[in-house]
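Notes to accompany the following structure.
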Ligand code: HXC
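In this note's numbering, the protein residues as written are 908 to 1444.
Next comes the structure, spelled out in structure tokens:
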């Protein structure tokens, strides 16, 4: 703390200074300087020792140079118990305001861990609530930089009520303006639920933690021993729980990523994402994708290779990259326009849908629909992942979320079936009659109720049972499966019924999608203007 720090009870000397600035101006400067000092040099040093930036440095890194307008710098904590009345609590432990990212307005708050551990009291909460209201009413994204010990214990239920004010606003803003949470320190107890209500959560390796109850409580309650990082670090939440969408290696890295994410998003639900000049030719052919027609149907591949081929300048901004990897979701531009990509990934679990991948895809689809972002679906799915654990875990309930999300979405929807599209998973992956606008298939597509082996085992049970030797049975099964394959495991049966609009050459995939996107640009659909909150799934 500097010598100029202001204790709550301290008054500011407004007497004129000889030869100096007017006394009233000096008063403002003194108050401002004290408030800007945060928790003072010692606590700032402790923050740095943990490899962490201060709240103001974070805002400086994230926003365009010189664009920050701070609000409520001089707010004061009204609580008096447990010695609070004698403590200096600059800004009540949070810096709030608005500024610009890539020239576009955002509302922002940054909790200041150097002030009472960034703990949330009522004044702190109401500062955040005020900036969220401004974001909502002025239709600008809200970005939260969280670094806090949670509810300020000294303020009792007032601090819990403070969280309730924030949660309510998170829900009010949901589907109206994009909300982003960046976890830059501890985020404990019920405090984790504000990030969980926002659209995207970032964490930073080595400094971010999120948990409802810490390791000590876990040990007392269940006997499990776990470190802070093992319980609630970035790996746990990016790879296992799915709470975290993006992991950064450092604070500068996280702010670069947040800026990039914002470049793909509209400001609010009434706008579209910004178009950018596109140096990548729309008619660029994608001959590499012909390898899909040569590939053994059982052979895995990472669907990222397909996405990189069709995206402008081969750029793909993946969301939830480490979670539920049998499905890949993220943003790219095609012909200069932002699209959201949802793609089965045969490189992981053969691309099958399971509980987590259903939740991951459904929430992303709902986000895209809320914010006017067209959906490009790439299908290569053998079905839903079988097993008792999946059934008892609720694959029926979770799998239904994808169906609901796609059927509900009114934004332009384009689907390309790359290879497998079997059973219920074929329907779920934005099939024609679920409401997709334009559906393509490559010649490598296999679209059927079941895979050939499984189908012939059921259809030709008696014929197979009549085989004299196991060898005869195997040969017959192979022949029947091949017959089935020739008949059903191709795109032509489906194209003949209109469930596929065109079977396209792989080299034309990029241009076909962009052509369809441009046609669908002014799509009008019933229910299109309804506000849909992005409920956590
Ligand atoms: C008041 C707090 C605080 C809190 C930290 N501080 N958390 N003050 N309320 N919740 C203060 C500390 O007293 C200390 O003040 C300063 O912040 C820095 O904290 P340290 O403990 O010295 O820092 P560190 O060692 O880095 O540990 C950080 C920490 C730890 C892991 C976050 O402070 C901690 O465990 N805090 C409590 C976390 C927690 O259980 N929160 C949940 C509260 S319940 P001095 O003056 O000594 O420097 C909750 C429910 C919300 O949040 C429900 C919402 C619906």
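Backbone N, C-alpha and C fix where the C-beta goes; we use that ideal spot for every residue, glycine too.
Just so you know, these numbers come straight off a predicted model, no measurement behind them.
With 16 other Cβ atoms within 10 Å as the buried cut-off, status of residue i
i            : result
residue 1426 : exposed
residue 1320 : buried
residue 1294 : exposed
residue 1083 : buried
residue 1060 : exposed
residue 965  : buried
residue 1158 : buried
residue 1085 : buried
residue 1009 : exposed
residue 1376 : exposed
residue 1308 : buried
residue 1023 : buried
residue 1123 : exposed
residue 1221 : exposed
residue 1182 : exposed
residue 1129 : exposed
residue 1076 : buried
residue 1078 : exposed
residue 1403 : exposed
residue 1305 : buried
residue 1217 : buried
residue 1034 : buried
residue 1196 : buried
residue 1042 : buried
Close beta carbons around residue i, own chain, < 8 Å, minus the five adjacent residues each side
i            : result
residue 1233 : 1251, 1252, 1255, 1256, 1257, 1258, 1259, 1260, 1261, 1264 and 1292
residue 1389 : 1359
residue 990  : 1061
residue 1063 : 988
residue 1131 : 1125
Cutoff 7 Å; reference residue i; Cβ partners in own chain excluding five residues on either side
i            : result
residue 1434 : 1317
residue 1189 : 1242, 1418 and 1421
residue 1391 : 1359, 1362 and 1363
residue 981  : 938 and 942
residue 1199 : 1325, 1326, 1349, 1351 and 1413
residue 1119 : 1096 and 1099
residue 857  : Past the edges of the chain, shown from 908 to 1444, lies residue 857, and the structure says nothing about it.
residue 997  : 941, 942, 944, 945 and 1022
residue 958  : 1113 and 1114
residue 1184 : 1243
residue 1432 : 1317
residue 1278 : 1085, 1172, 1173 and 1176
Min CB distance residue i to chain C below 8 Å
i            : result
residue 1427 : No chain C appears in the structure shown, which is made up of a single protein chain.
Chain-order list of residues whose beta-carbon lies under 6 Å from that of residue i (same chain, five-residue window excluded)
i            : result
residue 916  : No answer about residue 916 holds up, because its pLDDT of 41 lies below 50 and its placement is not dependable.
residue 971  : 1007
residue 1310 : 1335
residue 1021 : 945, 946, 950, 951 and 954
residue 1231 : 1263, 1264 and 1267
residue 1013 : 1047, 1048 and 1050
residue 918  : Confidence in residue 918 is poor, its pLDDT being 47 and thus under 50, which makes the residue's placement unreliable; the coordinate value appears in the next sentence. The answer is none, since no qualifying residue turns up.
residue 1423 : 1321 and 1345
residue 1443 : 1103
residue 1153 : 1109 and 1164
residue 1269 : 1308, 1309, 1312 and 1444
residue 1138 : 1118 and 1122
residue 1287 : 1251, 1253, 1258, 1325, 1326 and 1327
Whole-Å CB distance - residue i paired with residue j, under 8 Å assumed
i            : j            : result
residue 1116 : residue 1135 : 5 Å
residue 945  : residue 976  : With a Cβ gap of about 19 Å, residue 945 and residue 976 do not count as contacting.
residue 1070 : residue 1032 : 7 Å
residue 1441 : residue 1106 : 6 Å
residue 1266 : residue 1239 : About 22 Å separates the two Cβ atoms, so there is no contact after all.
residue 995  : residue 1027 : Residue 995 to residue 1027, Cβ: 17 Å. No contact.
residue 1227 : residue 1149 : 7 Å
residue 1052 : residue 1145 : That belief does not hold up - the Cβ atoms of residue 1052 and residue 1145 are roughly 18 Å apart, past 8 Å.
residue 1171 : residue 1224 : 6 Å
residue 1289 : residue 1329 : 6 Å
residue 1213 : residue 1285 : 6 Å
residue 1371 : residue 1380 : 6 Å
Residue i beta carbon near the ligand NAP (any heavy atom closer than 7 Å)
i            : result
residue 1060 : Looking at this structure, you won't find the ligand NAP anywhere; what it does contain is the ligand HXC.
Problem - the region 1033 to 1047 contacting the region 1169 to 1178, beta-carbon criterion three pairs below 8 Å - result: Yes: at least three Cβ pairs fall under 8 Å.
Exercise for the section: Pair every Cβ in the region 1343 to 1363 with every Cβ in the region 1388 to 1398, then say whether three or more of these pairs are closer than 8 Å. Expected result: Cβ pair count under 8 Å is three or more, so yes.
Practice task
Would you be able to state if there are at least three C-beta pairs under 8 Å between the region 1262 to 1281 and the region 1202 to 1216?
Solution key: No contact exists between the region 1202 to 1216 and the region 1262 to 1281.
Practice task
Kindly confirm or deny that the region 1326 to 1340 and the region 1374 to 1387 touch, where touching means at least three C-beta pairs closer than 8 Å.
Solution key: When Cβ pairs closer than 8 Å are counted between the two stretches, the region 1326 to 1340 is seen not to touch the region 1374 to 1387, the count staying below three.
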